[in-house]
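**Student:**
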Amino acid sequence: MYLRQESGLAAGAGGAAAIGFGQALPLHARAPSRRSGRGGWRDRLGTFDPVVDLGARIGSATWWRGMATCALLCGGAIATAPGIIPLPGRSPAVLPEAQWQEARSLGITPLALGGDTGRRMAATEVVEPLVDTPERPSIDLTATFGQGDGFARVLERAGVSAQEAQAVTAQVADAVPLAQIRAGTRIALTLGRRPSRAQARPLDSLAFRARIDLRVEARRVNGVLALRRIPIAVDDTPLRITGRIGSSLYASARAAGAPVDAVVAYIRALSARMSIGGLGSGDRFDLIVAQRRAATGEVETGDLLYAGLAQGSRETRLLKWTVGGQSQFFEASGVGERRGGMTQPVSGRLTSGFGMRRHPLLGFSRFHRGLDFGAAYGAPIVAAAAGVVRYAGWHGGHGQYVMIQHGGGMATAYGHMSRIVARAGAPVAQGQLIGYVGSTGLSTGPHLHYEVWRNGVAVNPASVRFTTTAQLAGANLAAFRATLARLLAVRPGAATRTAASGDTARPVAG
Ligand SMILES: [Zn+2]
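Counting from 202, one number per residue, gives the positions in the sequence shown under my numbering.
(1) Is Gly-571 near ligand 1 - that is, is its Cβ less than 7 Å away from at least one heavy atom of it?
(2) Going by alpha carbons, who is nearest to Ala-679 out of Ala-533, Gly-657, Gln-633?
(3) Take the Cβ of Phe-346 as the centre, count every other Cβ of all protein chains shown within 10 Å, and call the residue buried at 16 or more, exposed below.
(4) Indicate the three-state DSSP secondary structure (helix, strand or coil) for Tyr-451 in the structure shown.
(5) Can you tell which of Thr-502, Met-268, Val-461, Val-665 has the C-alpha that lies nearest to the C-alpha of Gly-610?
(6) With DSSP collapsed to three states, give me the class of Gly-598.
(7) Is it buried or exposed for Arg-692, if we count other Cβ within 10 angstroms and need 16 for buried?
(8) Kindly give me the distance between the Cβ atoms of Gly-597 and Pro-662, rounded to whole angstroms, as I take these residues to be in contact under 8 Å.
(9) Buried or exposed: where does Ala-434 fall if 16 or more other Cβ atoms within 10 Å of its Cβ makes it buried?
(10) Rounding to the nearest angstrom, what Cα-Cα distance links Ile-340 and Ala-304 in this structure?
(11) Hey, Ala-491 and Leu-506: beta-carbon distance below 8 Å or not?
(12) According to DSSP, is Pro-693 part of a helix, a strand, or is it coil?
(13) From the DSSP output, read off the bridge partner residues of Gln-529.
(14) Taking the straight line between their C-alpha atoms, what separation do you get for Leu-314 and Leu-450?
(15) Any idea which residues DSSP pairs Asp-436 with across the strands?
(16) Please report the distance separating the alpha-carbon of Met-618 from that of Gly-639.
(17) Got a sec? Which residues, its chain only, sit under 8 Å from Thr-544 by beta carbon, not counting five neighbours each side?
(18) Assess contact between the region 413-423 and the region 445-463, defined as three or more Cβ pairs (one per stretch) separated by less than 8 Å. Is contact present?
(19) Quick one: residues in its chain with C-beta nearer than 6 Å to the C-beta of Asp-436, no 5 flanking neighbours on either side, listed in chain order?
(20) Just how far apart, CA to CA, sit Gln-145 and Gly-447?
(21) Mind checking which residues open and close the alpha helix (DSSP H) that includes Glu-501?
(22) Give the single residue among Ile-285, Val-355, Gly-554, Ala-368 whose Cα lies nearest to the Cα of Val-660.
(23) In angstroms, rounded to a whole number, what distance separates the CA positions of Gly-444 and Arg-518?
(24) Would you give the residue range spanned by the alpha helix (DSSP H) that Ala-459 belongs to?
(25) Touching or not, the region 382-397 and the region 459-474, by the rule of three or more beta carbon pairs under 8 Å?
(26) Exposed or buried, Gln-348, counting other C-beta atoms within 10 Å across all chains shown (16 or more means buried)?
(27) Only counting the same chain, and skipping five residues up and downstream in sequence, which positions put a Cβ closer than 6 Å to that of Gly-549?
(28) When you measure from the CB of His-650 to every non-hydrogen atom of ligand 1, does any distance come out below 7 Å?
(29) DSSP on Asp-405, reduced to helix/strand/coil?
(30) Please state the DSSP three-state secondary structure of Tyr-467.
(31) Suppose you measure from the CA of Pro-293 to the CA of Trp-301; what does that come to, to the nearest Å?
(32) Between the beta-carbon of Leu-407 and the beta-carbon of Leu-390, is there less than 8 Å?
(33) Using beta-carbon positions only, say whether Gly-636 and Gln-601 come within less than 8 Å of one another.
(34) Can you determine whether any heavy atom of ligand 1 sits closer than 7 Å to the C-beta of Ser-553, and answer yes or no?
(35) Can you give the beta carbon distance from Arg-266 to Val-253, rounded, assuming they're within the 8 Å contact cut?
(36) Please classify Ile-286 as buried or exposed, where buried requires at least 16 neighbouring CB atoms within 10 angstroms.
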């Protein structure tokens, strides 16, 4: 039943039909009523309303009638309802204890034994282990020599007894220095028949490529392992690759067959002398790379030996040469590589240039004898070029200050450091840490004040490029020229063909 709100909105709105949602429209709202009292009109009119408000006039005859109607309707509904029939669902059958234990062990044990799928059947008590099984007479396997591995350890991993592994390793070490065996070398092993399962199998044969020019084989004959060194002929003729630069030096050189390392070394060698971006597509590159070609077909490429570039009539020829234990590229004339400019001493942005400026603290104009680089407090400062520390300490308005003397009357200085790392009198390499950015001395904030001095005069650091050259002379120069001539006599290999086909594919520009 529902509540009819007789004293609610309908009455409050002066009889207007202001009825809330879900409420029945009272009869008196349909016809103008002479309603005098609370709910009294219904009885006086004698209208029969089967829907009685059970919230009002509780205990009256009408109320009891409404109550009876309600009970009748509810009872009827309940009595005629079809009832709740449960839907059949899936439920596991209850297993007897023995079956349950068996199913459980079959379900879990394979996983416990390392089965991936759980489908592998675990051995039950029904399974009887065999007392003895026939063994394979020999096992062939391949072991790989790992990075930082030991030869004896490789053998032991393969199943050779520790004692025999040591003995074989000593034998192999006689044939080839173990340090020469590269990581990744694959060793073919044959393990022979053993007298009982309690013992490790003996090593019957062993074979591996110790070096590109050497193969080592060992075979057990009458119980003794006989080792054999088999030298392999190797052709040392270097690989020469030439071609046109086209749209990309790197891509063209790679397409012509140059190894990645060689191309990178080539670009590095050239970039020390010229702008790589300025190379034309018609310019020709010429690389000579160390190469060892074994008679069995293996090829080992090494370092870049020669870097040549032909730009029309202008030719650049660079040969790698070692002087005083340091390798660098020398020009064909015997002049050493020019080292590029100085390293920027700190990673930061230029906040003040070289020249006249109004000093931020002193307030008057004064010549700024260096560059200021704004950088974070504590940022590392490195030596712009190699040299010897001439001064390290407090230096007036420069605060914590380091001066480095380079060759050729050049010096660089670094001011306002928070901490100095360099020691006076000590040599420093280019890029070596000498201190940290700070704001000591006359400074408004953390920055590096950087000066370059030439013969006692401060110069604009932006204008300076350090160049160091070395000139070969005497017997060294003669040997250098002989090597260059020998290398240039190498005819470009099969790679030239690739480069030539690339030539035709590329349109000729400018
Ligand atoms: Zn400054």
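Beta carbons are placed, not taken as given, at the ideal position from N, Cα and C, and that holds for glycine.
Bear in mind the structure is a predicted one, so any value in this text is a computation, not a measurement.
**Tutor:** Put simply:
(1) yes
(2) Ala-533
(3) buried
(4) helix
(5) Ranked by Cα distance from Gly-610, the first of Thr-502, Met-268, Val-461, Val-665 is Val-665.
(6) helix
(7) exposed
(8) At roughly 20 Å, the Cβ-Cβ gap does not stay under 8 Å, so Gly-597 and Pro-662 are not in contact.
(9) So Ala-434 ends up on the exposed side.
(10) 39 Å
(11) yes
(12) coil
(13) Trp-522
(14) 58 Å
(15) Arg-494
(16) The straight-line gap from Cα to Cα measures roughly 4 Å.
(17) Val-583, Ala-584, Ala-585, Ala-586, Gln-631, Gly-632
(18) no
(19) Arg-494
(20) Residue 145 is absent from the structure shown; the chain starts at 202 and stops at 711.
(21) If you look at Glu-501, you'll find it isn't in any alpha helix (DSSP H); it sits in the beta strand (DSSP E) that goes 500-512.
(22) Gly-554
(23) 15 Å
(24) Looking at the DSSP string, Ala-459 is not in any alpha helix (DSSP H), and its letter there is neither H nor E.
(25) no
(26) exposed
(27) Excluding positions up to five away in sequence, the list reads Phe-574, Gly-575, Ala-576.
(28) yes
(29) strand
(30) Helix, per DSSP.
(31) 12 Å
(32) Contact check for Leu-407 against Leu-390 passes: the beta carbons are separated by less than 8 Å.
(33) yes
(34) yes
(35) Yes, they are in contact, since the Cβ atoms of Arg-266 and Val-253 sit about 6 Å apart, within 8 Å.
(36) exposed
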